[in-house]
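Residue numbers (the numbering used here), protein chains in the order written: chain A, 11 to 182; chain B, 48 to 365; chain C, 11 to 451. Note that CB positions come from ideal geometry on N, CA and C, so glycine has one too.
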Ligand code: NA
Ligand code: NA
């Protein structure tokens, strides 16, 4: 069981730190969009702002995803769930989190394939006039999805420990 | 024997697809009957346009209708598909370039190398500006945020145009939300057909290309699995689609310029527009310097235009 | 298996998955990838989930989502709305039910500053609710007032729900926002009439403030009126450049977020704690939305790829031979019904892709339907057992408000909203007049 605990603490710590940094991404997006309106009003509009803001948004929600799980922000339908005991919740979650893990694994599979493509043929570029290479954002997405997968596994381990009657203290 | 089923995604949204692809696919399905059925999907419906090419390589999508440029195909010819500035003056130029001047062979080799079958290229409409504010001089182009093709955007940037690429289906909304000042993506027929004429006010009669090149593609394995009669039928239907566009655009452009109620026409004087045409020739040389294949295509385009010039009227005036 | 059967199977599986209480995005995403693998697994299909992420990236109006969420948290956490509340307190307190009416006014102003109902709910529950209870207002009445009032946040522009709808229906956000103005104000007026009538008939529900409470000098009263300027400033900073075409929609949302942030700083309310909470909660709520949208996009792509929408349309119009109006009303009813047991965020992104193409196929105006959609969403937000507003209320209300009170409080307000919905259905001009006038068609 100490192995499970080690895994949980390792993954949760990493995701917590990444999430704490990522949350300031809101100001990055804001700055890009403000620069976009300033450059449009006072000089020639910048080519890169909209796409850059989109990259920032994707990095924001994908890298921030695991931290949002830790915070419990991801809504669940609690028509039945809400009324269950902690133990019962843990037991059901142990099974249903496998569905979540499966979804994330397929998401990652497509992500890795698409990222591999972005390195082929001299590097995939966005079909825009700015033509940024797409591998950086795709790599970030793959890392984020992997971290999300690890966080989901960590949640599974926590439920296993709960079922064994052990106490779990959250990082958040 | 079970029916062969293909999924095909087009670059066009439903309103435009009603003309540029649906009639041909309906015909195909009607004739092929139980042998084969193609399900048609519109712009970004199954996968976003940026992921279209790889989805076709993997076989998630069996066939695609698009220009090479907007789906960013990983080939040397991508810059020419779509609007390569001033490469063509009339829509008939495109099939001649492909069938008689050797572009078909180059395209075939390029796409075979990346596991995709290039089935057939056709001419689509000319490229004009549709904008909220009038354009009467090159000066008016400065600072305009315009939805256009990547290569056309690269070319137009030297005149101060700010090219913006967004999902095709979002363009009408983007003009209204202020993300765009205009569109340089089509002729006036499409402006009216897809609703862009409702959100812009002016149409510039000068164009940067007389007709673009767009193609039908298929996943190589799926194509090879087809029996010969279905391959032939598919090609015939592609040609039917190309033919439909020849008269639909040609007649539509003239008719809407003369009778269309929604857009006011403006023109940049020929003498001033000549700067753009000169810049295009320089742009051709820049592109030719990028690779051997590109140089080969540029040479063909140059030779073709020189021939047309020598042939005189009605091929070229002046 | 026919397409209709697969579609029904996918939908039923998703519902079952949601009932297990797993995170909504996990449930939707799982059904989407399984369906893609089963249907298309022999040739690709595994890439649909990820290509949805690329699709989402290209949906540029989604950039407004984190901006409006941040704006809402800054407004509610920094309590810069306190003065606004005091303004309504002293100016309206003398009327029977006046504080409740003032609270609706407060909600309208807050709605004009943010795109979700969260901020209105938080401000209402933390500022207005304790005051109203202290003044012996009926607890059910005030709980209902705050829930109903805060739901205006998604109808009065800016509105995140209408941005999402615009993306799905491919309709201009500007026109949709304008279309929400008159119905939003009409609904606020209907809430006010309801409160005024009930409190007039039974003054114990909302007693007038005693004179000594209201007896403050005119100069102070006028100073409080100035507080009412703040939302106008934020609203103007955001909307004026947008309407004039100086900035785009997403740029305006960033300007709005910055203005709200600066307003809190200038008023000295941007403490370390407020800052930390706003930034953290914005990440949490944005992630919740984005991951659900991501999964729902994959679900939609597979569903769409099946031709399911077409199958459903054929089922209704040809096989059942229903009149378009009957279908429309059935759709709204099913929407409200779903809202009683389905999480509303999920509902928002699942219902729209299903219904909007059908509405378009039936020949209805999609701007008008956007307003119907939003009002129905508002109702669903409030109807038990599931409702975003219900949950927020439960989390934020003081302990003397029980769950029973919360559930019991919403009935009259839901009836008022259904009446408003009916009016907009019968008289489409309520919604369409303003955008028609501004855009001149
Ligand atoms: Na609002
Ligand atoms: Na509900």
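Relative to chain B, which residues along the segment 33-61 of chain A have a C-beta separation below 7 Å, given in chain order? So the close ones are 54, 55, 57, 60.
Excluding the five sequence neighbours on either side, which residues of its own chain have a C-beta within less than 6 Å of the C-beta of residue 289(B), listed in chain order? Counted from its first residue, the second chain places residue 289(B) at position 242. Within the same chain, residue 289(B) has close Cβ partners 169.
Just checking: is the beta-carbon of residue 200(B) within a distance shorter than 8 Å of some beta-carbon in chain C? Your numbering for residue 200(B) matches position 153 in the second chain. It does not; no Cβ of chain C falls within 8 Å.
Report the residues of the segment 61-73 of chain A with a CB closer than 8 Å to any CB of chain C, ordered along the chain. With the criterion set as a beta carbon lying under 8 Å from some beta carbon of chain C, the members of the segment 61-73 of chain A are 63, 64, 65, 67, 68, 70, 71, 72, in sequence order.
So which residues on chain A does residue 15(C) lean against when the C-beta distance must stay under 7 Å? Translated into positions along the third chain, residue 15(C) becomes position 5. Correct list: empty, because the minimum Cβ distance to chain A is about 22 Å.
Could you list the residues in the segment 135-160 of chain A with a C-beta less than 9 Å from some C-beta on chain B, going in chain order? Going along the segment 135-160 of chain A in chain order, one finds 135, 136, 137, 138, 139, 140, 141, 144 with a Cβ nearer than 9 Å to chain B.
Given this structure, state the Cα-to-Cα distance separating residue 379(B) from residue 320(B), to the nearest angstrom. No statement about residue 379(B) is possible, as the shown extent of chain B runs from 48 to 365 and does not include it.
Taking the alpha carbon of residue 21(A) as the point to measure from, which residue in 107(A), 79(A), 96(A) has its own alpha carbon closest? Along the first chain, one-based indexing puts residue 21(A) at 11. For the options 107(A), 79(A), 96(A), the alpha carbon positioned closest to that of residue 21(A) is the one of 79(A).
With a threshold of 8 Å between beta-carbons, can residue 190(B) be considered close to chain A, or not? Taking the second chain and counting its residues from 1, the one referred to as residue 190(B) is at position 143. Proximity of residue 190(B) to chain A, defined by a Cβ-Cβ separation below 8 Å, is satisfied.
Collapsed DSSP secondary structure at residue 183(B) in the structure displayed: If you number the second chain from 1, residue 183(B) lands on position 136. Residue state, collapsed to three classes: coil.
Tell me the rounded alpha-carbon separation between residue 436(C) and residue 193(C). Residue 436(C) sits at position 426 when you count from the first residue of the third chain. Residue 193(C) sits at position 183 when you count from the first residue of the third chain. If I take the Cα positions, the gap works out to 13 Å.
Work out the CA separation of residue 124(C) and residue 242(C) for me, nearest whole Å. Walking along the third chain from the start, residue 242(C) turns up at place 232. Walking along the third chain from the start, residue 124(C) turns up at place 114. Here the alpha carbon of residue 242(C) sits roughly 12 Å from the alpha carbon of residue 124(C).
Span separating the alpha-carbon of residue 136(B) from that of residue 359(B): Counting from one through the second chain, the residue named residue 136(B) turns up at place 89. Counting from one through the second chain, the residue named residue 359(B) turns up at place 312. In this model, residue 136(B) and residue 359(B) are separated by some 13 Å (Cα to Cα).
Please classify residue 169(C): does DSSP put it in a helix, a strand, or coil? Stepping through the third chain from its first residue, residue 169(C) is reached at position 159. Shown here, residue 169(C) sits in coil according to DSSP, grouped into three states, outside any helix or strand.
Please work out which residues of its chain come closer than 7 Å, Cβ to Cβ, to residue 116(B), disregarding the five sequence neighbours upstream and downstream, and give them in chain order. For the purposes of this step, residue 116(B) is taken as the residue at position 69 of the second chain. Cβ neighbours of residue 116(B) beyond the five flanking positions: 125, 126, 128, 129, 196, 197, 198.
Against chain B, does residue 57(C) count as a neighbour if the rule is that its beta carbon must be under 8 Å from one of theirs? Taking the first residue of the third chain as position 1, residue 57(C) is located at position 47. By this cut-off, residue 57(C) is an interface position.
Suppose only complete runs of 4+ residues qualify. What are the alpha helix (DSSP H) ranges in the segment 116-188 of chain C, listed by chain order? DSSP assignment within the segment 116-188 of chain C yields the following whole alpha helix (DSSP H) runs of 4 residues or more, N-terminal first: 128-133, 139-144, 149-160, 170-179.
To the nearest angstrom, how far is the alpha carbon of residue 88(B) from that of residue 41(C)? The sequence position of residue 88(B) within the second chain is 41, counting from 1. The sequence position of residue 41(C) within the third chain is 31, counting from 1. Cα-Cα distance, rounded: 21 Å.
Partner residues on chain A for residue 256(C), Cβ-Cβ distance less than 7 Å: Taking the first residue of the third chain as position 1, residue 256(C) is located at position 246. Listed along the chain, the chain A residues whose CB falls inside 7 Å of the CB of residue 256(C) are 51.
DSSP state of residue 166(B), grouped into three classes? As a working note, residue 166(B) is residue 119 in the second chain. It is a strand residue.
Per DSSP, what kind of secondary structure is residue 447(C) in: helix, strand or coil? The sequence position of residue 447(C) within the third chain is 437, counting from 1. In the displayed model, residue 447(C) falls within a helix according to three-state DSSP.
Can you give the beta carbon distance from residue 27(C) to residue 109(A), rounded, assuming they're within the 8 Å contact cut? Within the third chain, the letter at position 17 stands for residue 27(C). Within the first chain, the letter at position 99 stands for residue 109(A). Rounded, the Cβ-Cβ distance is 7 Å, consistent with contact.
Under three-state DSSP, which class holds residue 111(B)? Position 64 of the second chain, counting from 1, holds the residue named residue 111(B). Under the three-state reduction of DSSP, residue 111(B) is assigned to strand.
List the residues of chain B that residue 53(C) touches, going by C-beta distances under 7 Å, in chain order. Here residue 53(C) corresponds to residue number 43 of the third chain, with the count starting at 1. Listed along the chain, the chain B residues whose CB falls inside 7 Å of the CB of residue 53(C) are 106, 107.
Supposed close pair residue 209(C), residue 107(C) - CB separation, criterion 8 Å: Within the third chain, the letter at position 199 stands for residue 209(C). Within the third chain, the letter at position 97 stands for residue 107(C). Yes, residue 209(C) and residue 107(C) are in contact; Cβ-Cβ is about 3 Å, under 8 Å.
For residue 58(A), which option in 172(A), 141(A), 145(A), 148(A) has the closest C-alpha, if you only look at C-alpha atoms? Within the first chain, residue 58(A) is the residue found at index 48, counting from 1. Closest by alpha carbon: 141(A).
Could you check if residue 335(C) is buried or exposed, using at least 16 other CB atoms within 10 Å of its CB as the buried criterion? For the purposes of this step, residue 335(C) is taken as the residue at position 325 of the third chain. With fewer than 16 Cβ atoms within 10 Å of its Cβ, residue 335(C) is classed as exposed.
I want to see whether chain A comes within less than 8 Å of residue 451(C), judged by CB atoms only; does it? Within the third chain, residue 451(C) is the residue found at index 441, counting from 1. Per-residue confidence for residue 451(C) stands at a pLDDT of 49, beneath the threshold of 50, marking its modelled position as unreliable; no derived number is given.
Would residue 170(C) and residue 78(C) qualify as a contact pair, given that the criterion is a beta-carbon distance under 8 Å? As a working note, residue 170(C) is residue 160 in the third chain. As a working note, residue 78(C) is residue 68 in the third chain. Yes, they are a contact pair.
Going by beta-carbon coordinates alone, are residue 327(B) and residue 205(B) separated by less than 8 Å? Here residue 327(B) is taken as the residue at index 280 of the second chain, counted from 1. Here residue 205(B) is taken as the residue at index 158 of the second chain, counted from 1. For residue 327(B) and residue 205(B), no; Cβs fall outside 8 Å.
For residue 120(A), which of helix, strand or coil comes out of DSSP? Position 110 of the first chain, counted from the start, is the residue given in the question as residue 120(A). Here DSSP, grouped into helix, strand and coil, assigns residue 120(A) to helix.
Which same chain residues end up closer than 6 Å to residue 143(A) when comparing Cβ atoms and leaving out the 5 residues on each side of it in sequence? Here residue 143(A) refers to the residue found at position 133 when the first chain is read from its first residue. If the five residues before and after residue 143(A) are omitted, its C-beta is found closer than 6 Å to the C-beta atoms of 133, 135, all from its own chain and listed in chain order.
So, is the C-beta of residue 324(B) closer than 8 Å to a C-beta in chain A? Residue numbering aside, residue 324(B) sits at position 277 when the second chain is read from its first letter. It does not: the Cβ of residue 324(B) has no partner Cβ on chain A nearer than 8 Å.
Residues of chain A with CB under 8 Å from residue 120(C), in chain order? Within the third chain, numbered from 1, the residue matching residue 120(C) stands at position 110. Near residue 120(C) there are no residues of chain A at all, since even the closest Cβ is about 20 Å away, more than 8 Å.
Partner residues on chain A for residue 36(C), Cβ-Cβ distance less than 7 Å: As a first step, residue 36(C) must be located in the third chain, where it is residue number 26. Simply 109, 110, 113.
Using the beta-carbon of each residue, which ones in chain A are nearer than 9 Å to residue 264(C)? In the third chain, the residue the question calls residue 264(C) occupies position 254. Per Cβ cutoff of 9 Å: 39, 40, 41, 42, 43, 44, 46, 47, 63.
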